[in-house]
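Under this note's numbering, the first residue of the sequence shown is numbered 791, with each subsequent residue one higher.
Virtual Cβ for every residue (Gly too), placed ideally from N, Cα, C.
Note that the structure is predicted; figures quoted are calculated from it, not measured.
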Amino acid sequence: MINELVPWIEKVRGSSLSTLASAVSRVGLGGVLSKFAGLVIKPDKSDIDRANGIVRNIAKALMKAGINFGFLYEDEPYSGALLHEIGAEDAFLEYFENTVLKTFRKYGIKRVITIDPHTHNVLVNVAPNYFKLDFEVVSYLDLIKNIKVRPRISGDVVIHDSCLYARYLNKYDVYRSILDNAGIKHVESPMITGREASTCCGGPLESLSPELSRKIAKIRINHLSMLSKTVVTVCPICLANLGRNAEGAVQVLDINEVLEVE
(Lines of atoms letter the chains of each structure in order from A and count residues from 1; the text may use other names and numbers.)
(Lines give C-alpha, C1' and ligand atoms only; values in the text may rest on other atoms or scores of the structure.)
Protein backbone atom coordinates (compact mmCIF):
# COMPACT_ATOMS: atom_id res chain seq x y z
CA MET A 1 0.00 0.00 0.00
CA ILE A 2 2.88 2.35 0.82
CA ASN A 3 4.45 1.78 -2.58
CA GLU A 4 1.21 2.78 -4.29
CA LEU A 5 0.50 5.69 -1.97
CA VAL A 6 3.78 7.60 -2.08
CA PRO A 7 3.66 8.69 -5.78
CA TRP A 8 0.33 10.39 -5.09
CA ILE A 9 1.31 12.22 -1.92
CA GLU A 10 2.20 15.19 -4.10
CA LYS A 11 -1.47 15.55 -4.97
CA VAL A 12 -2.37 16.36 -1.36
CA ARG A 13 0.45 18.80 -0.70
CA GLY A 14 -2.00 21.67 -0.25
CA SER A 15 -3.71 19.90 2.61
CA SER A 16 -2.85 20.77 6.18
CA LEU A 17 -1.15 18.22 8.41
CA SER A 18 -4.19 18.05 10.64
CA THR A 19 -6.45 17.29 7.67
CA LEU A 20 -4.12 14.55 6.46
CA ALA A 21 -3.92 13.10 9.95
CA SER A 22 -7.68 13.18 10.31
CA ALA A 23 -8.12 11.30 7.04
CA VAL A 24 -5.56 8.66 7.99
CA SER A 25 -7.19 8.12 11.38
CA ARG A 26 -10.65 7.71 9.85
CA VAL A 27 -10.07 5.77 6.67
CA GLY A 28 -6.49 4.50 6.80
CA LEU A 29 -3.61 5.09 4.39
CA GLY A 30 -5.47 3.87 1.33
CA GLY A 31 -8.46 6.07 2.09
CA VAL A 32 -6.30 9.19 2.02
CA LEU A 33 -6.18 9.00 -1.75
CA SER A 34 -9.90 8.59 -2.04
CA LYS A 35 -10.43 11.65 0.13
CA PHE A 36 -7.85 13.99 -1.38
CA ALA A 37 -7.17 12.80 -4.90
CA GLY A 38 -10.41 11.10 -5.84
CA LEU A 39 -8.47 7.88 -6.37
CA VAL A 40 -8.61 4.39 -4.96
CA ILE A 41 -5.31 2.58 -4.72
CA LYS A 42 -4.74 -1.12 -4.85
CA PRO A 43 -1.34 -2.75 -4.47
CA ASP A 44 0.06 -4.88 -7.27
CA LYS A 45 -0.74 -8.57 -6.89
CA SER A 46 2.98 -9.32 -6.68
CA ASP A 47 3.31 -6.94 -3.71
CA ILE A 48 0.28 -8.51 -2.02
CA ASP A 49 1.65 -12.03 -2.56
CA ARG A 50 5.06 -11.03 -1.26
CA ALA A 51 3.64 -9.39 1.87
CA ASN A 52 1.41 -12.39 2.54
CA GLY A 53 4.41 -14.67 2.09
CA ILE A 54 6.39 -12.74 4.69
CA VAL A 55 3.53 -12.94 7.19
CA ARG A 56 3.07 -16.66 6.49
CA ASN A 57 6.76 -17.24 7.20
CA ILE A 58 6.40 -15.39 10.51
CA ALA A 59 3.39 -17.56 11.36
CA LYS A 60 5.35 -20.72 10.54
CA ALA A 61 8.22 -19.57 12.77
CA LEU A 62 5.84 -18.85 15.65
CA MET A 63 4.24 -22.28 15.30
CA LYS A 64 7.71 -23.83 15.25
CA ALA A 65 8.36 -22.02 18.53
CA GLY A 66 5.21 -23.58 19.97
CA ILE A 67 3.23 -20.33 20.08
CA ASN A 68 -0.55 -20.52 19.80
CA PHE A 69 -1.90 -17.33 18.27
CA GLY A 70 -4.96 -15.88 16.60
CA PHE A 71 -5.75 -13.10 14.14
CA LEU A 72 -8.70 -10.69 14.02
CA TYR A 73 -8.94 -10.56 10.21
CA GLU A 74 -11.18 -7.63 9.18
CA ASP A 75 -11.30 -6.38 12.78
CA GLU A 76 -7.52 -6.21 13.10
CA PRO A 77 -6.85 -2.55 14.03
CA TYR A 78 -3.99 -0.46 12.70
CA SER A 79 -1.83 0.74 15.60
CA GLY A 80 -1.98 4.42 14.62
CA ALA A 81 1.83 4.67 14.55
CA LEU A 82 1.88 7.00 11.54
CA LEU A 83 -0.29 9.55 13.33
CA HIS A 84 2.12 9.65 16.25
CA GLU A 85 5.19 9.76 14.03
CA ILE A 86 4.00 12.75 11.97
CA GLY A 87 3.19 14.64 15.17
CA ALA A 88 -0.60 14.42 15.01
CA GLU A 89 -0.86 13.43 18.65
CA ASP A 90 -4.48 14.47 19.19
CA ALA A 91 -5.61 12.41 16.22
CA PHE A 92 -3.47 9.50 17.43
CA LEU A 93 -4.97 9.56 20.92
CA GLU A 94 -8.52 9.71 19.60
CA TYR A 95 -7.88 6.88 17.14
CA PHE A 96 -6.04 4.66 19.62
CA GLU A 97 -8.72 4.96 22.26
CA ASN A 98 -11.73 4.59 19.97
CA THR A 99 -10.33 1.94 17.63
CA VAL A 100 -7.38 0.02 19.06
CA LEU A 101 -8.40 -0.15 22.71
CA LYS A 102 -12.07 -0.62 21.87
CA THR A 103 -11.25 -3.57 19.60
CA PHE A 104 -8.87 -5.23 22.04
CA ARG A 105 -11.37 -4.90 24.88
CA LYS A 106 -14.17 -6.25 22.69
CA TYR A 107 -12.22 -9.46 22.12
CA GLY A 108 -10.65 -9.64 25.57
CA ILE A 109 -7.11 -9.49 24.23
CA LYS A 110 -4.51 -10.22 26.91
CA ARG A 111 -1.40 -10.61 24.79
CA VAL A 112 -0.36 -8.92 21.55
CA ILE A 113 2.39 -10.31 19.32
CA THR A 114 3.81 -7.55 17.14
CA ILE A 115 5.55 -8.14 13.82
CA ASP A 116 6.88 -4.66 13.09
CA PRO A 117 8.85 -2.08 15.10
CA HIS A 118 6.43 0.84 14.66
CA THR A 119 3.51 -1.06 16.16
CA HIS A 120 5.71 -2.39 18.96
CA ASN A 121 7.00 1.07 19.80
CA VAL A 122 3.50 2.55 19.94
CA LEU A 123 2.27 -0.21 22.23
CA VAL A 124 5.21 -0.25 24.66
CA ASN A 125 6.64 3.29 24.61
CA VAL A 126 3.86 5.62 23.49
CA ALA A 127 0.36 4.45 24.41
CA PRO A 128 1.22 3.61 28.07
CA ASN A 129 1.97 7.31 28.59
CA TYR A 130 -1.70 8.07 27.98
CA PHE A 131 -3.69 4.91 28.66
CA LYS A 132 -3.73 2.04 31.12
CA LEU A 133 -3.09 -1.02 28.97
CA ASP A 134 -4.29 -4.36 30.30
CA PHE A 135 -2.46 -6.59 27.84
CA GLU A 136 1.08 -7.87 27.39
CA VAL A 137 3.09 -6.89 24.31
CA VAL A 138 5.81 -9.13 22.87
CA SER A 139 7.77 -8.98 19.63
CA TYR A 140 7.74 -12.05 17.41
CA LEU A 141 11.53 -11.70 17.17
CA ASP A 142 11.91 -12.60 20.84
CA LEU A 143 9.62 -15.60 20.39
CA ILE A 144 11.48 -17.12 17.43
CA LYS A 145 15.08 -16.25 18.28
CA ASN A 146 15.94 -19.75 19.47
CA ILE A 147 14.19 -21.90 16.85
CA LYS A 148 16.11 -23.88 14.27
CA VAL A 149 16.16 -22.25 10.83
CA ARG A 150 18.18 -22.60 7.67
CA PRO A 151 19.20 -20.05 5.03
CA ARG A 152 17.23 -19.51 1.84
CA ILE A 153 20.05 -17.56 0.25
CA SER A 154 23.80 -17.94 -0.14
CA GLY A 155 26.46 -15.34 0.39
CA ASP A 156 26.97 -12.52 2.86
CA VAL A 157 24.33 -9.93 3.68
CA VAL A 158 24.26 -6.51 5.30
CA ILE A 159 21.60 -5.61 7.83
CA HIS A 160 19.74 -2.33 7.62
CA ASP A 161 18.73 -1.64 11.19
CA SER A 162 15.30 -0.32 11.99
CA CYS A 163 15.85 2.87 14.00
CA LEU A 164 13.20 1.73 16.48
CA TYR A 165 14.41 -1.85 16.87
CA ALA A 166 18.07 -0.87 17.14
CA ARG A 167 17.95 2.18 19.39
CA TYR A 168 14.59 2.30 21.14
CA LEU A 169 13.46 -1.30 21.53
CA ASN A 170 16.78 -3.08 22.17
CA LYS A 171 16.37 -5.71 19.45
CA TYR A 172 19.69 -4.97 17.70
CA ASP A 173 21.26 -8.25 18.79
CA VAL A 174 18.06 -10.31 18.59
CA TYR A 175 17.66 -10.39 14.82
CA ARG A 176 21.40 -10.76 14.38
CA SER A 177 21.24 -13.90 16.49
CA ILE A 178 18.44 -15.21 14.28
CA LEU A 179 20.66 -14.80 11.20
CA ASP A 180 23.52 -16.43 13.12
CA ASN A 181 21.29 -19.43 13.89
CA ALA A 182 20.67 -19.82 10.16
CA GLY A 183 24.37 -19.60 9.35
CA ILE A 184 23.93 -16.36 7.41
CA LYS A 185 26.97 -14.12 7.68
CA HIS A 186 26.13 -10.43 8.10
CA VAL A 187 28.91 -7.99 7.24
CA GLU A 188 29.30 -5.27 9.86
CA SER A 189 30.94 -1.86 9.88
CA PRO A 190 30.86 0.47 12.91
CA MET A 191 29.99 3.52 10.80
CA ILE A 192 27.35 1.79 8.67
CA THR A 193 25.72 -0.88 10.84
CA GLY A 194 26.76 0.22 14.32
CA ARG A 195 23.97 0.38 16.89
CA GLU A 196 24.28 4.18 17.24
CA ALA A 197 25.83 5.03 13.87
CA SER A 198 23.47 3.37 11.38
CA THR A 199 21.09 5.85 9.76
CA CYS A 200 17.38 5.96 8.98
CA CYS A 201 15.96 4.69 5.68
CA GLY A 202 13.84 7.84 5.40
CA GLY A 203 10.61 5.83 5.35
CA PRO A 204 8.71 7.66 8.11
CA LEU A 205 8.99 10.84 6.02
CA GLU A 206 7.16 9.34 3.05
CA SER A 207 3.80 10.80 3.97
CA LEU A 208 5.19 14.31 4.47
CA SER A 209 8.04 14.69 1.98
CA PRO A 210 8.55 11.92 -0.60
CA GLU A 211 11.51 13.80 -2.09
CA LEU A 212 13.43 14.00 1.18
CA SER A 213 12.52 10.41 2.01
CA ARG A 214 13.89 9.29 -1.36
CA LYS A 215 17.11 11.26 -0.87
CA ILE A 216 17.74 9.70 2.53
CA ALA A 217 16.99 6.22 1.17
CA LYS A 218 19.49 6.62 -1.66
CA ILE A 219 22.22 7.72 0.75
CA ARG A 220 21.51 4.73 2.94
CA ILE A 221 21.51 2.34 -0.03
CA ASN A 222 24.86 3.70 -1.15
CA HIS A 223 26.39 3.07 2.27
CA LEU A 224 24.92 -0.43 2.61
CA SER A 225 26.06 -1.42 -0.89
CA MET A 226 29.66 -0.93 0.20
CA LEU A 227 29.29 -4.00 2.44
CA SER A 228 26.98 -6.29 0.46
CA LYS A 229 24.60 -6.28 -2.48
CA THR A 230 22.00 -8.11 -0.37
CA VAL A 231 20.30 -5.94 2.24
CA VAL A 232 18.23 -7.56 5.00
CA THR A 233 15.55 -5.46 6.68
CA VAL A 234 13.45 -6.09 9.78
CA CYS A 235 10.77 -3.46 9.19
CA PRO A 236 8.08 -3.26 6.47
CA ILE A 237 8.53 0.50 6.05
CA CYS A 238 12.29 0.07 5.57
CA LEU A 239 11.62 -2.79 3.16
CA ALA A 240 9.26 -0.64 1.09
CA ASN A 241 11.32 2.55 1.03
CA LEU A 242 14.72 0.99 0.39
CA GLY A 243 13.30 -1.51 -2.09
CA ARG A 244 11.49 1.19 -4.05
CA ASN A 245 14.63 3.33 -4.29
CA ALA A 246 17.30 0.64 -4.74
CA GLU A 247 17.11 0.79 -8.56
CA GLY A 248 19.20 -2.36 -8.92
CA ALA A 249 22.04 -1.19 -6.69
CA VAL A 250 21.14 -3.78 -4.05
CA GLN A 251 18.57 -6.49 -3.45
CA VAL A 252 16.40 -5.61 -0.46
CA LEU A 253 14.79 -8.51 1.45
CA ASP A 254 12.86 -8.92 4.67
CA ILE A 255 14.56 -11.15 7.24
CA ASN A 256 11.70 -13.64 6.85
CA GLU A 257 12.52 -13.98 3.15
CA VAL A 258 16.06 -15.21 3.83
CA LEU A 259 15.13 -17.79 6.48
CA GLU A 260 13.54 -21.22 6.07
CA VAL A 261 11.84 -22.76 9.08
CA GLU A 262 12.81 -26.43 9.37
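Taking a contact to require three or more Cβ pairs closer than 8 Å, the segment 983-991 and the segment 900-909 do not qualify as touching. The three-state secondary structure of I949, taken from DSSP, is strand. DSSP, reduced to helix, strand and coil, places V1040 outside both helices and strands of the structure shown, so it counts as coil. Between I974 and the set F886, L933, V1048, R1004, the nearest pair of CA atoms involves V1048.
In chain order, V1042 place their CB closer than 7 Å to the CB of G1033, counting only its own chain and leaving out the 5 sequence neighbours on each side.
E875 is classed as buried because its beta carbon has at least 16 other beta carbons within 10 Å across all chains shown. Looking at the backbone, the Cα of D880 and that of S1018 are separated by about 42 Å.
A straight line joining the alpha-carbon of M853 with that of L995 spans about 35 Å.
When the beta-carbon positions are compared, H1013 and I1045 stay at least 8 Å from each other. The straight-line gap separating the alpha-carbon atoms of C1028 and Y897 is approximately 31 Å. In chain order, C991, G992, N1031, L1032, N1035 place their CB closer than 7 Å to the CB of A1007, counting only its own chain and leaving out the 5 sequence neighbours on each side.
In the DSSP annotation of this structure, S967 is not part of any beta strand (DSSP E); the continuous alpha helix (DSSP H) holding it starts and ends at 962-971.
By the neighbour-count definition (other C-beta atoms within 10 Å, threshold 16), F925 is an exposed residue. Taking C-beta atoms as the reference points, Y863 and L873 fail to come closer than 8 Å.
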